[in-house]
Each structure stands twice: as C-alpha cells, then as structure tokens.
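Enquirer: Numbering (our numbering), first residue to last: 2 to 393.
After the structure tokens below, expect a handful of questions from me.
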Ligand code: NI
C-alpha cells in the first residue's frame, strides 16, 4: 500500500470524530487567553490517544510531542484556538452557545485538523524519522500570544527544523492549499490617542481649545503620511477606526479619543510610520494649544515564508491532494498573523486552506469553518511532516 493510501485510510477512519470535535469547539467559543475548556478538550483527547503532553507554557496552550522510533528532524505543527468577541448570526445546531462570542476565523477548524493530524501520526509512529511537536496556541487574535508562547520556550528541546501552520480562507475551493514564498502577511500596529483640550459652551468657541477640531485635523493629516512620505512601492495603511468625544449639541468637550491601526510589510516602513504619526500629532496639537497622550504598539511583525518550504508545500499538495488544489497568491495580504513569530525564529511555511468559493469572509457573523476542508487539511499536515522528515 502506498503511503498516500495509508494516510487516506487513517484519516477516513477518524474523520467523523474530528468533525464532531470541530463542532463542539465551535459551540463553545472562548476568547484570547481564556481558552480553558477548549484547552481541556484538546488535552483530554490527545492524552486518550496516547500523546505525551508538556506542562502549559502560558495558561491555555497545549503542547505535545510525538517521538518516532528513529532519530531525525523535529517538525512543529501549530493551530490557534481562540474565538472572537462578536455575535454569531448562524442558526445551525452547533452555533455558538455564548452571546457575543463566536469562532468567526476558523480556529475551531484549525484545532480539529491538528488533533486529527496527531491521531494519524501517532498511528504512523513507526514510520517517523524524528519527532513532531503539536502546538495548540491561545490568543492569536489581537493579543498575538504566539510571540509569548515562542518566547516562553514552547518550541525548545528539541528546536524545530521546520514549522508549519494552515489557516482557513474563503474564496478558494474547499480543501485547496494557498500560499506564496516570502512575505505573506503584514505587520500590524495599533495606536491610541487622547487629545486634551479645554471644554466650554458651544456658543463661545473662543474660550475653548476644541479637541474635536484638533482630532479632525489629525485624522486628515495622518492620511498624507502614506501618500506623501512613504515610498509608493512600499505598501502601507494608516486607518483611524475610532473617534469618540462629546455628548450633546452645545458643549465642546474636554477631550476626544482616537484609535486606529497601521499595516506594512517592511519593518523600516513601520518605524517611519510610527515616527511620522507621532510627529504629526505633536505638530497639530502644538499649533492648537491641545495636549495629548499617545500610545503605539506593534504586536504583529510581517509573516515571512521560507521559499524552500513553500515549494515543498506545493509538491505535497499536488501529490496528495491533486494538481488542481494548489494556488499561489500573487500578493501578500494586509492582515496579520502571529505565526510570524514562529517563522521569525525557524524556517517553515504558513499556508491557507480553502473553505469554499462562496463561504462568508473571515470575521463575518455568518462565517463557519467548512467541514469539507478537514480531510485535506489533516492529509496536508501529516504529509508535510513525513515528507519533510524524508527530505535532505
Ligand atoms: Ni485567524
């Protein structure tokens, strides 16, 4: 029997259980850093299947190691497990049981596929040349806890020769694999600004320092940074997404709050953007007599794939899933991904897995991970692991 057929048979045997697990996780979404019951479910399932687990590095991570009979490479496979603070509008039996929380980014599917890959690889232990580390990571959304997990040593002893992860993507055939060499996802910055003026009566603006006017000028001025200071060949985004201040029609408020996000692919551009944003805020506030408090964080760095492993992913996809199932992206996306911190320290590949051409977009209230993608997702993870161990 070929290895391909052997993997397919093993996956088909566990598929119903993995789909049931996916739906259980979907029904019980938990937010970044609070994935206690999700982690317990993963932990119990892996222990029942005979996987050796490490003590948690943070609080809600689950990291397991499978040692093969022979020495060789170490491969790390990662799934994120957190949900989003949004209301689900789906109405199927396994819809979110918690108001205001849902799995709208497919992390329920990622966790289920990685559990499935662990189940299959445990049965293939005799064929393993090396070891496999399974990393179920909390807090991918907003919190970027992938950085905390890597920095806490979750990938040490032994360190991986290669790291792999897959993430749901709508708009592609269910079970297809999509990626590109080099930069695939952007770096993300978040800014928070409080502008403090002097409040007063709406009829006496000359006695006030109007923070709404100052804020408006800042929002407008920030939009000339990308168009007039950044090289047009370097993609960058600055978006102000929150502008809050004032309570009624005739009181000029004391202060306003602005929040926003930045996106870029190049760290030098990121440093330039950060500096110019603060310079703009400082200049406008000085000219207006307002003072400000400014906070800027950059929790996500660019996600950069190793071209060798993207090529390996293409070969594995074509061999195990079919030649029509591989798609190479022409451009990187301006979304962020904390798998970037795994790829900062180790070579590897971040790929998307298609969940259907007509699937609602990620973070949409009608989103649902497509169970039809699970079979291919598990085969891909297992085959990437075995083929990478075989490669020189
Ligand atoms: Ni996601």
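We put the CB at the ideal spot given by N, CA and C, even for glycine.
Just so it is clear, the structure is predicted and the values come from calculations on it, not from any experiment.
(1) When the Cα atoms are used, what is the spatial distance from residue 252 to residue 296?
(2) Alpha carbon to alpha carbon, how far is residue 101 from residue 84?
(3) In chain order, what residues have a CB nearer than 7 Å to some heavy atom of the ligand NI?
(4) DSSP beta-bridge partners for residue 202?
(5) By Cβ distance below 8 Å, which residues in the same chain neighbour residue 20 in space, the five residues on each side in sequence not counted?
(6) Taking 8 Å as the threshold, find out whether the region 173-186 comes into contact with the region 235-250 through three or more Cβ pairs.
(7) What does a CB cutoff of less than 8 Å around residue 248 pick up in its chain, not counting 5 residues either side in sequence?
(8) At the level of alpha carbons, what is the spacing between residue 147 and residue 352?
(9) Quick check on the burial criterion: 16 or more other C-beta atoms within 10 angstroms. Buried or exposed for residue 369?
(10) Flag residue 340 as yes when its Cβ comes closer than 7 Å to any non-hydrogen atom of the ligand HEM, and as no otherwise.
(11) Pull up the CB-CB distance for residue 342 and residue 166, whole angstroms please, since I reckon it's below 8 Å.
(12) Who are the Cβ neighbours of residue 55 in its own chain at under 6 Å, not counting the five residues just before and after it?
(13) Starting from residue 390 and walking both ways along the alpha helix (DSSP H), at which residues does that stretch end?
(14) Taking buried to mean at least 16 other C-beta atoms within 10 Å of its own C-beta, is residue 93 buried or exposed?
(15) Look at residue 300 and residue 189 and say whether their C-beta atoms are less than 8 Å apart.
(16) What are the uninterrupted segments assigned as beta strand (DSSP E) that are 3 or more residues long and contained completely in the region 306-360, given in chain order?
(17) What's the C-alpha gap between residue 173 and residue 393?
(18) For residue 86, which three-state DSSP category applies?
(19) Please classify residue 154 as buried or exposed, where buried requires at least 16 neighbouring CB atoms within 10 angstroms.
(20) Since residue 20 is in the alpha helix (DSSP H), which residue starts that stretch and which ends it?
(21) What beta strand (DSSP E) runs, 3 residues minimum, are completely inside the region 106-160?
(22) Enumerate in chain order the residues of its own chain whose CB-to-CB distance from residue 197 is below 8 Å, with the five nearest sequence positions on each side excluded.
(23) Kindly indicate which residue of 49, 48, 52 and 22 has the alpha-carbon position closest to the one of residue 39.
(24) Any idea if residue 325 is buried or exposed, counting beta-carbon neighbours within 10 angstroms, 16 or more meaning buried?
(25) Would residue 362 be called buried (16 or more neighbouring beta carbons within 10 Å of its own) or exposed?
(26) How far does the alpha helix (DSSP H) with residue 224 in it extend, from its first residue to its last?
(27) If we count the other Cβ atoms within 10 Å of its Cβ and call it buried at 16 or more, is residue 366 buried or exposed?
(28) How big is the Cα-Cα spacing for residue 388 and residue 13?
(29) From residue 32 to residue 142, what distance separates their C-alpha atoms?
(30) For a quick check, are the C-beta atoms of residue 15 and residue 136 less than 8 Å apart?
(31) Could you spell out the range, first to last residue, of the beta strand (DSSP E) harbouring residue 234?
(32) Count Cβ pairs between the region 204-223 and the region 280-291 that sit closer than 8 Å; are there 3 or more?
(33) Return the first residue and the last residue of the beta strand (DSSP E) that residue 193 is part of.
(34) In chain order, what residues of the same chain lie with their CB nearer than 7 Å to the CB of residue 79, ignoring the 5 residues before and after it?
Expert: Quick look at the numbers:
(1) One Cα belongs to residue 252, the other to residue 296, and the distance between them is close to 27 Å.
(2) Those two C-alpha atoms are separated by around 10 Å.
(3) Those residues, listed in chain order, are 81, 106, 107, 108, 141, 142, 168 and 363.
(4) Bridge partners of residue 202: 252.
(5) Hits under 8 Å: 113, 372 and 375.
(6) No contact exists between the region 173-186 and the region 235-250.
(7) Once the five neighbours on either side are set aside, the close Cβ partners of residue 248 are 254.
(8) As the crow flies, the alpha-carbon of residue 147 is around 16 Å from that of residue 352.
(9) It counts as buried.
(10) You won't find the ligand HEM in this model; what it holds is the ligand NI.
(11) Taking 8 Å as the upper bound for CB-CB distance, residue 342 and residue 166 are not in contact here, some 11 Å apart.
(12) Apart from the 5 residues on each side of it in sequence, residue 55 sits with its Cβ closer than 6 Å to the Cβ of 64 in its chain, given in chain order.
(13) Per DSSP, residue 390 belongs to the alpha helix (DSSP H) from 375-391.
(14) Residue 93 counts as exposed, since fewer than 16 other beta carbons sit within 10 angstroms of its beta carbon.
(15) Against a cut-off of 8 Å, the Cβ pair of residue 189 and residue 300 comes out as a contact.
(16) Under the rule that a run must span 3 or more residues, the beta strand (DSSP E) segments found entirely inside the region 306-360 read 327-329 and 349-355.
(17) Whole-angstrom Cα-Cα distance: 32 Å.
(18) Three-state result, residue 86: coil.
(19) It counts as exposed.
(20) Where residue 20 is concerned, the enclosing alpha helix (DSSP H) stretches over 4-28.
(21) Here the runs fully enclosed are 130-138.
(22) Exclusion of the five residues before and after residue 197 leaves 212, 255, 256, 291, 292, 293 and 294 as the residues of its chain whose Cβ lies within less than 8 Å of its Cβ.
(23) Minimum Cα distance to residue 39 is reached at 22.
(24) Exposed is the call here.
(25) The residue is exposed, with fewer than 16 neighbouring Cβ atoms inside 10 Å.
(26) Counting along the chain, the unbroken alpha helix (DSSP H) around residue 224 starts and ends at 212-229.
(27) Classification for residue 366: exposed.
(28) Their backbone Cα atoms lie some 20 Å apart in a straight line.
(29) When rounded, the distance between both Cα atoms is 9 Å.
(30) No; because the gap between Cβ atoms is not below 8 Å, this pair is not in contact.
(31) Residue 234: not part of any beta strand (DSSP E); DSSP gives it neither H nor E.
(32) Three or more Cβ pairs closer than 8 Å define a contact, and the region 204-223 meets that threshold against the region 280-291.
(33) Note, residue 193: beta strand (DSSP E), 188-197.
(34) 136, 138, 164, 166, 340 and 343, listed in sequence order.
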